[in-house]
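Undergrad: From first to last, the protein sequence lines stand for chains A and B. So the first sequence is numbered by the working numbering: it starts at 7 and just counts up by one. So the second sequence is numbered by the working numbering: it starts at 7 and just counts up by one. Each residue gets a CB set at the ideal place from its N, CA and C atoms; glycine is no exception.
Protein chains: 2
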Amino acid sequence: MVKSDGPIGVFDSGLGGLTVLRSLKEAFPNEGFVYLGDTARLPYGNKSPSTLKLYVEQNIKWLESQGAKAIIVACNSASTVLTNIETEIPVFGVIEPGAKFALAMTENQSIGVIGTRATIQKKAYVDAIHRLSGHTKVFQQACPLLVSLVEEGWDEDPITNLIVYRYLSPLVAAGVDTLILGCTHYPVLRNAIQKVMGRHVNLIESSQPMLETLNLAFRSGKLKARDENLGEPDMHICATDISDSFTALAQRILAPIRIPPIERIDL
Amino acid sequence: MVKSDGPIGVFDSGLGGLTVLRSLKEAFPNEGFVYLGDTARLPYGNKSPSTLKLYVEQNIKWLESQGAKAIIVACNSASTVLTNIETEIPVFGVIEPGAKFALAMTENQSIGVIGTRATIQKKAYVDAIHRLSGHTKVFQQACPLLVSLVEEGWDEDPITNLIVYRYLSPLVAAGVDTLILGCTHYPVLRNAIQKVMGRHVNLIESSQPMLETLNLAFRSGKLKARDENLGEPDMHICATDISDSFTALAQRILAPIRIPPIERIDL
Numbered sequence: 007m008v009k010s011d012g013p014i015g016v017f018d019s020g021l022g023g024l025t026v027l028r029s030l031k032e033a034f035p036n037e038g039f040v041y042l043g044d045t046a047r048l049p050y051g052n053k054s055p056s057t058l059k060l061y062v063e064q065n066i067k068w069l070e071s072q073g074a075k076a077i078i079v080a081c082n083s084a085s086t087v088l089t090n091i092e093t094e095i096p097v098f099g100v101i102e103p104g105a106k107f108a109l110a111m112t113e114n115q116s117i118g119v120i121g122t123r124a125t126i127q128k129k130a131y132v133d134a135i136h137r138l139s140g141h142t143k144v145f146q147q148a149c150p151l152l153v154s155l156v157e158e159g160w161d162e163d164p165i166t167n168l169i170v171y172r173y174l175s176p177l178v179a180a181g182v183d184t185l186i187l188g189c190t191h192y193p194v195l196r197n198a199i200q201k202v203m204g205r206h207v208n209l210i211e212s213s214q215p216m217l218e219t220l221n222l223a224f225r226s227g228k229l230k231a232r233d234e235n236l237g238e239p240d241m242h243i244c245a246t247d248i249s250d251s252f253t254a255l256a257q258r259i260l261a262p263i264r265i266p267p268i269e270r271i272d273l
Numbered sequence: 007m008v009k010s011d012g013p014i015g016v017f018d019s020g021l022g023g024l025t026v027l028r029s030l031k032e033a034f035p036n037e038g039f040v041y042l043g044d045t046a047r048l049p050y051g052n053k054s055p056s057t058l059k060l061y062v063e064q065n066i067k068w069l070e071s072q073g074a075k076a077i078i079v080a081c082n083s084a085s086t087v088l089t090n091i092e093t094e095i096p097v098f099g100v101i102e103p104g105a106k107f108a109l110a111m112t113e114n115q116s117i118g119v120i121g122t123r124a125t126i127q128k129k130a131y132v133d134a135i136h137r138l139s140g141h142t143k144v145f146q147q148a149c150p151l152l153v154s155l156v157e158e159g160w161d162e163d164p165i166t167n168l169i170v171y172r173y174l175s176p177l178v179a180a181g182v183d184t185l186i187l188g189c190t191h192y193p194v195l196r197n198a199i200q201k202v203m204g205r206h207v208n209l210i211e212s213s214q215p216m217l218e219t220l221n222l223a224f225r226s227g228k229l230k231a232r233d234e235n236l237g238e239p240d241m242h243i244c245a246t247d248i249s250d251s252f253t254a255l256a257q258r259i260l261a262p263i264r265i266p267p268i269e270r271i272d273l
């Protein structure tokens, strides 16, 4: 049975997924949301697949216990281990939507992908793109330091520009015309990334494709919209650990949207 | 009762504590060691104190279950939450020994401390130094990016030099003559740090003070040496998660010592 009353659950290893939550809230203002950042166990980007899968199952179980009618896996690393996880509600990862979106954008059939070590080693986007279009060239690059730079708050910084330049130069040389930002932290560095890649390169954030995927799910009946007469929908932001720097990062990502206090939960 | 037969347990949030293990093994070749890297839940440096304390208690319990006769907390962040944890065997954190060692080295009574956000926010070294010597000036600086740089393998790199320069400039300006490397990853960046601080500045790694502390514990009878007739002692390296990049990092830290395969354990 398709549920309509529960919130949409969104989870990420940390608070980077708030970039996705913000877009979803703007696009679907009448839906309730519950966000889970697994901050006690982040980062997911350098965990082994078996550990990652265990964490993902626990996160999904917790969001189900909160009555979620659907789950958005905003974390790219987590989205790589969704196969064979059984749930009663729809679960949407960011990989397939991102791959489709990039294919719709590329003109020269050369797509770049940047992400954490886990996402890149798993070749998740490469495989997803090649399942849809065997002849498209995909160039990928792990950028483990970028998450730390965002967390340090060095978004607009010459050192960040240097590091972005080092990571992205091979993709510039490869001539990609579309770049998938395969980590929810990367949109914060969008300016630095665009500067290195050049203005003509399309930058794909996870939130754009996810919006299209959810729109489709609502239209097809896979998801049911919340009754508009139910009043103001809830918005809960929860995390498995809370520190001052997390709260500051959350405010920076969601600004100018005012956020409710982050609730600490145990898994 | 003071035990003599068990191994010495060493734990860290990750593999940085192997810098301490290596020094201990060199200094006490007849002792057995069991090392626990809590790699599934690293980094500890940005966790809240309550979460950190829970993890530390679980790590200590596990090492006790392995028959450890003493426990070395190689992680600076974890060493800040050791008060009120009850154990039947001695537990040694790195903060007090590091503070004492720095005080013995400084001539101008100006000591610098670098560490993770957790260690710096907690002012652990500042308080430890001031308990021993109220008039000594202490200048501290959180350096969250350095751990990521070590894990990326950029030990000898112009970008690393730039970041180290930015973090350490205030400490150079303050005129410290002694700098505590308050995170087990930092010894890997010793060259870059020494270059910025200048040759005259003493760099204190956690392993040196810990060696002195253990020597004292053996001499005072708080710790009993292992019987030399028992043959070759054991050396186990365990981690809560294992990935290719961890194994590579472990080999780099311990080189040229050959390491046994890392064993995966659950807490």
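Less than 9 Å separating the beta-carbons of A:A76 and A:I95?
TA: What you label residue 76 of chain A is simply residue 70 of the first sequence in a count that begins at 1. What you label residue 95 of chain A is simply residue 89 of the first sequence in a count that begins at 1. Yes, Cβ-Cβ distance for A:A76 and A:I95 is below 9 Å.
Undergrad: Let me know the secondary structure DSSP gives A:H136 once reduced to three states.
TA: One-based indexing of the first sequence puts residue 136 of chain A at position 130. In the structure shown, the three-state DSSP call for A:H136 is helix.
Undergrad: Is A:L187 helix, strand or coil by DSSP?
TA: As a first step, residue 187 of chain A must be located in the first sequence, where it is residue number 181. Note: A:L187 maps to strand in three-state DSSP.
Undergrad: Ignoring anything shorter than 4 residues or poking outside the region 201-271 of chain B, list the alpha helix (DSSP H) runs there in chain order.
TA: 213-226 and 250-260
Undergrad: Is the shortest distance between the beta-carbon of B:N114 and the beta-carbons of chain A less than 9 Å?
TA: Counting from 1 along the second sequence, the entry for residue 114 of chain B is found at position 108. Output row for B:N114: interface = no.
Undergrad: Give a yes or no on whether 9 Å exceeds the smallest Cβ distance from A:K129 to chain B.
TA: In the first sequence, residue 129 of chain A corresponds to position 123, counting from 1. Judged by the 9 Å Cβ criterion, A:K129 is not in contact with chain B.
Undergrad: To the nearest angstrom, how far is it from the Cα of A:L152 to the Cα of B:L168?
TA: What you label residue 152 of chain A is simply residue 146 of the first sequence in a count that begins at 1. What you label residue 168 of chain B is simply residue 162 of the second sequence in a count that begins at 1. Approximately 16 Å, taken between the alpha carbons.
Undergrad: Along chain B, in chain order, which residues have C-beta atoms closer than 7 Å to that of A:S154?
TA: In the first sequence, counting from the first residue as 1, residue 154 of chain A sits at position 148. Ordered by position in chain B, the residues that pass the 7 Å Cβ test against A:S154 are P150, L151 and S154.
Undergrad: Give a yes or no on whether the minimum CB-CB distance between B:N52 and chain A is below 9 Å.
TA: Locating residue 52 of chain B in the second sequence gives position 46, counting from the first residue. Closer than 9 Å to the CB of B:N52 there is at least one CB belonging to chain A.
Undergrad: Please tell me whether, using a cut-off of 8 Å, the distance from the CB of B:N90 to the nearest non-hydrogen atom of the ligand ATP is below it.
TA: Among the components of this structure there are no ligands whatsoever, and the ligand ATP is therefore not found.
Undergrad: Return helix, strand or coil for B:I120, following the three-state DSSP convention.
TA: On the second sequence, position 114 is the one that residue 120 of chain B refers to. B:I120 falls in the strand class under three-state DSSP.
Undergrad: Between B:L21 and chain A, is any beta-carbon pair separated by less than 9 Å?
TA: To locate residue 21 of chain B, count along the second sequence from 1; it is residue 15. For B:L21, the answer is no, since every Cβ of chain A falls outside 9 Å of its Cβ.
Undergrad: When DSSP builds the beta bridges, which residues end up paired with B:D161?
TA: Residue mapping note: residue 161 of chain B aligns to position 155 of the second sequence, counting from 1. None; B:D161 has no bridge partner.
Undergrad: Residues of chain A with CB under 8 Å from B:I165, in chain order?
TA: In the second sequence, residue 165 of chain B corresponds to position 159, counting from 1. The answer, in chain order, is I165, L168, I169 and R172.
Undergrad: Please report the Cβ distance between B:S54 and A:I248, rounded to the nearest whole angstrom; I am assuming they are in contact, meaning their Cβ atoms lie under 8 Å.
TA: Position 48 of the second sequence, counted from the first residue, corresponds to residue 54 of chain B. Position 242 of the first sequence, counted from the first residue, corresponds to residue 248 of chain A. Right, their Cβ atoms sit about 6 Å apart.
Undergrad: Secondary structure at B:K106, three-state DSSP: helix, strand or coil?
TA: Here residue 106 of chain B corresponds to residue number 100 of the second sequence, with the count starting at 1. Residue state, collapsed to three classes: helix.
Undergrad: Going along chain B in order, which residues have a C-beta closer than 8 Å to the C-beta of A:R205?
TA: Stepping through the first sequence from its first residue, residue 205 of chain A is reached at position 199. Those within 8 Å of A:R205 in chain B number zero; the least Cβ separation is about 25 Å.
Undergrad: Under the DSSP definition of a beta bridge, which residues are partnered with A:Y192?
TA: The residue labelled residue 192 of chain A in the question sits at position 186 within the first sequence. The partner list for A:Y192 (beta bridge, DSSP) is empty, contrary to what the question assumes.
Undergrad: Could you name the residues of chain A that B:R258 contacts, counting a contact when the two beta carbons are closer than 7 Å?
TA: Residue numbering aside, residue 258 of chain B sits at position 252 when the second sequence is read from its first letter. Near B:R258 there are no residues of chain A at all, since even the closest Cβ is about 15 Å away, more than 7 Å.
Undergrad: Is it buried or exposed, B:V182, if we count other Cβ atoms within 10 angstroms and call 16 or more buried?
TA: For the purposes of this step, residue 182 of chain B is taken as the residue at position 176 of the second sequence. Sixteen is the threshold: when 16 or more other Cβ atoms of the shown chains lie within 10 Å of the Cβ of B:V182, as they do, the residue is buried.
Undergrad: Could you check if B:L273 is buried or exposed, using at least 16 other CB atoms within 10 Å of its CB as the buried criterion?
TA: Counting from one through the second sequence, the residue named residue 273 of chain B turns up at place 267. When all chains shown are included, B:L273 counts as exposed.
Undergrad: Using the Cα positions of A:G237 and A:A46, report the straight-line distance between them to the nearest angstrom.
TA: For the purposes of this step, residue 237 of chain A is taken as the residue at position 231 of the first sequence. For the purposes of this step, residue 46 of chain A is taken as the residue at position 40 of the first sequence. The straight-line gap separating the alpha-carbon atoms of A:G237 and A:A46 is approximately 33 Å.
Undergrad: Any C-beta of chain B sitting closer than 9 Å to the C-beta of A:E269?
TA: Here residue 269 of chain A refers to the residue found at position 263 when the first sequence is read from its first residue. Answer no: the Cβ-Cβ gap between A:E269 and chain B never drops below 9 Å.
Undergrad: How far does the beta strand (DSSP E) with A:A80 in it reach, from first residue to last?
TA: Here the question's residue 80 of chain A lines up with position 74 in the first sequence. Run containing A:A80: none; DSSP gives neither H nor E here.
Undergrad: Would you check if the distance between the CB atom of B:C149 and the CB atom of B:C189 is smaller than 9 Å?
TA: Residue numbering aside, residue 149 of chain B sits at position 143 when the second sequence is read from its first letter. Residue numbering aside, residue 189 of chain B sits at position 183 when the second sequence is read from its first letter. The answer is yes: Cβ separation under 9 Å.
Undergrad: Please classify B:L222: is it buried, with 16 or more other beta-carbons within 10 angstroms of its beta-carbon, or exposed?
TA: Looking up residue 222 of chain B in the second sequence gives position 216. Per the 10 Å Cβ criterion, exposed.
Undergrad: Less than 7 Å between C-beta atoms, sequence neighbours within five positions excluded: which residues of the same chain meet that for A:T219?
TA: Residue mapping note: residue 219 of chain A aligns to position 213 of the first sequence, counting from 1. The beta carbon of A:T219 lies closer than 7 Å to those of F98 and P103 in the same chain, with the five residues before and after it left out.
Undergrad: Taking C-alpha atoms, which residue in B:S29, B:M203 and B:T142 lies nearest to B:S213?
TA: The residue labelled residue 213 of chain B in the question sits at position 207 within the second sequence. Nearest option by C-alpha distance: B:S29.
Undergrad: With three or more C-beta pairs closer than 8 Å as the rule, is the region 260-270 of chain A touching the region 55-66 of chain A?
TA: No: the two stretches stay apart, fewer than three of their Cβ pairs being nearer than 8 Å.
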